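In what follows, a single structure is set out as structure tokens and then discussed.
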């Protein structure tokens, strides 16, 4: 590896500040990237990682601070500007065009031309050369959509090579890859690093961060915590820096949720062989009173699909659902609500809160839906319920008449949670309730879930953050490739155990 | 380069069968092939039913002549639909440019001024719609609906009644018949076919054209890939407007007059032809040659019905049924290609 202080940095970001309405997303953050290094950007969700990346790629404009690339001060106003400066990005959900061919995706905007007409033959040949440079040998004329996400990611990196990227940003590139695919990607990353490309790597997987990085920058709550060479930052120190003072707080939640659940009686909800062709292979699921069942698995493993079938949002083509031991027909969300099952969707903005209504109106919506539209909830009851939940969940601002659209993501999520709690459910299904919200709100929501389940509420909790799942759930259902591969008792496993189970369990039987 | 090469290739393809390779490359052509098949079936059916009186050089040549204006509209519409938009204004823009041209000629304006004014007038309305869509975030449906009303209103302002065109240069476009045996083609037909050829070139062999497909496939991705999304979308609507102006010229030549009530509902015929030709309404997939096939399917159904002497309302029922069929087929194709990911 190169000597750190000899090589001048390729990217120097100083004092970067970005404000969104009501939120200081980045507060005077410094970040330095050197040629020939893999630099990991770490922080919890909402720490400002993606905001910083978007500042560097020209998606967001910065309110203060400066960006210097290769010694030149730059102002990026579009992604094209950043690419022209040699900065390319591969996003988690691969941002290519699946309706075009592999070769076109690699070369789009840089097609080889003869006169004004594209010369497809040499364009495809160039695409093939760039891909082979990364060890990827696929037909450049095949449609991108016919390849796996892993291949699509390599195609996206090939595209960055066409742009002659000096800086390659990889935002959660491994979240939907299997172990072998990750190794291949890392091989490519190491090769590029040795050629002097500066690589900015973002991942939730600590193992991967330690395997590939030379240096780590930690962000927390939109502010810089520090920059460290990998050898000087042991894992527990990193986690402490990422989570900060919240650590003990969350530990308390964890200890309160490690209760023994009485599973001798009838479960609150039992699903048997619930499945839908092409969506989810038949899976069983029991939830007992006062139990938090976590659902873990990679993106696209069928987590959301399972609960949507349970809730009647999608129609299963096999399986039965029992509520308190009685057969229940759940063909529509309305039926589920009648059985006191509530579902909080992962698409908070699209399927959750109504941005143009007030906090109070959003909370009352759920109660009203259960009563039917003709029986109005008395104003006095409404006010009491709204006040109760605003206080209990710590919604900020604590103003029932504020428009939900103006609240931060974390507070919107609290309003959504309040809405479902106001319907007095027996089973609450939470799909990614803590995604993209700040650390404080996350802890609030987790605390509330732990508290309610201790009082007897049954909860199904889905999260990409496995720490959260382990912290809250007594039992974890693991899915992979749209199939349930097993259940783990969370008191008898740790994070590594769970990750290993997600990655490897049931390999033999799957084949 | 070798430094980055992996020890083993990531995925080496075993020799795939010819058919498999073809399908993995050309899956999105299937709806267009289906349209060609339907066109062939229509011809064969009509030929059998009319005992050999249908496929004659005269009929086929008339097919192009009668539908030249629709073909030009469909070409412009293909650009817009490929970006994932829609342009409802083309029927009334065609009427407006047509009556504007007729009025200008009647007032004594020279052809060299009138024709460019018609074309640029159409393009200007398209540009306006594009700006509304791109910079004001208006839904394409609403923005082009505004264009529809604007075009129709302007047409009525120019004249409330039909204006006859006496200008020989305009009538020449329609009346000149270049014959080869029983076949003939008019300048209007040549204009329409040229529009198809130019559009095919632009869409498949220029960076602008490929950006149209990229925008229709995933606008967000296209932007992040550093493509000039805004400019391309506005250009697509401008092209559609220009084509509407050109269609106005062709229709004026065809009917020998401008008429402000021309082309009511023609935008829907153009959309139908584009969709039948295999372009997906969600954008990003389709071919301008498919749109040409779509126009011919449309025109052939019309001809068959008039040959049979049946009610013209059957026309709409059959086109409606075909549209429904094609949209279902397209849904299935999209679902399949998404499912494979």
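Protein chains in written order, with my numbering: chain A, 348 to 858; chain B, 694 to 1034. Note that beta-carbon positions come from the ideal geometry of N, C-alpha and C, so glycine has one too. All values reported here derive from a predicted model rather than from experimental measurement.
The three-state reading of DSSP puts residue 674 of chain A in strand, counting E and B together. Listed by position along chain B, the residues whose Cβ is nearer than 7 Å to that of residue 708 of chain A form an empty set, because the closest Cβ is around 26 Å away. With contact defined as three or more Cβ pairs closer than 8 Å, the stretch 787-794 of chain A and the stretch 702-716 of chain A are not in contact.
The beta-carbon of residue 913 of chain B is placed less than 8 Å from the nearest beta-carbon of chain A.
Counted as a single uninterrupted DSSP element, the alpha helix (DSSP H) harbouring residue 761 of chain A occupies residues 756-769.
Taking a Cβ-Cβ threshold of 7 Å, none of the residues of chain A is close to residue 896 of chain B; the smallest such distance is about 11 Å. When 9 Å is used as the limit between beta carbons, residue 521 of chain A is near no residue of chain B, the shortest such separation being about 15 Å. When Cβ-Cβ separations below 8 Å define contact, residue 903 of chain B makes contact with chain A. With contacts defined by Cβ atoms closer than 8 Å, residue 499 of chain A and residue 510 of chain A do not form a contacting pair.
Inter-residue distance for residue 440 of chain A and residue 918 of chain B is about 13 Å (C-alpha atoms, whole angstroms). Burial is judged here by how many other beta carbons sit within 10 angstroms of a residue's own beta carbon; residue 849 of chain A has at least 16 and is buried.
Between residue 918 of chain B and chain A, the shortest Cβ-Cβ separation is below 8 Å.
At a cut-off of 8 Å between beta-carbon atoms, residue 458 of chain A makes contact with chain B.
When DSSP states are grouped into helix, strand and coil, residue 421 of chain A belongs to the strand group. In the structure shown, the three-state DSSP call for residue 897 of chain B is helix.
For residue 738 of chain B, none of the residues of chain A pass the 7 Å Cβ criterion, the least Cβ distance being about 33 Å.
Secondary structure at residue 548 of chain A: strand, using DSSP grouped into helix, strand and coil.
Judged by pairs of C-beta atoms under 8 Å, the stretch 619-636 of chain A does not touch the stretch 578-589 of chain A, as fewer than three such pairs exist. The Cβ atoms of residue 646 of chain A and residue 627 of chain A lie no closer than 8 Å to each other.
Flagged as an interface residue toward chain B: residue 463 of chain A, by a C-beta distance shorter than 8 Å. DSSP assignment within the stretch 943-1022 of chain B yields the following whole alpha helix (DSSP H) runs of 4 residues or more, N-terminal first: 959-969, 981-1001.
Residue-level contact check: residue 475 of chain A does not touch chain B, since none of the beta carbons of chain B fall below 8 Å from its beta carbon.
Approximately 6 Å separates the beta-carbon atoms of residue 792 of chain A and residue 764 of chain A; this is inside 8 Å, confirming the contact. Annotation: residue 694 of chain A has no Cβ neighbours in chain B at a cutoff of 8 Å; minimum Cβ distance is about 16 Å. Contact check for residue 805 of chain A against residue 637 of chain A passes: the beta carbons are separated by less than 8 Å.
Counting C-beta pairs with one atom in each stretch, the stretch 784-802 of chain B and the stretch 828-839 of chain B have fewer than three that are closer than 8 Å, which means they do not touch. Going by beta carbons, residue 604 of chain A and residue 800 of chain A fall inside the 8 Å limit. Rounded to whole angstroms, residue 794 of chain B and residue 981 of chain B show a C-alpha spacing of 28 Å. Look at residue 576 of chain A here: in three-state DSSP terms it is strand.
Each residue's CA atom was taken as its position, placing residue 923 of chain B and residue 945 of chain B some 33 Å apart. Minimum Cα-Cα distance from residue 691 of chain A among the listed residues A:669, A:780, A:640 corresponds to A:780.
Taking one beta carbon from each stretch, the stretch 383-401 of chain A and the stretch 527-545 of chain A have 3 or more pairs nearer than 8 Å; the two touch. For the options B:784, B:900, B:827, the alpha carbon positioned closest to that of residue 843 of chain B is the one of B:784. Here residue 715 of chain B is exposed: its Cβ has fewer than 16 other Cβ atoms, across all protein chains shown, within 10 Å.
Residue 986 of chain B places its beta carbon less than 8 Å from that of residue 729 of chain B.
Residue pairing by DSSP puts residue 825 of chain A in a beta bridge opposite A:643, A:833.
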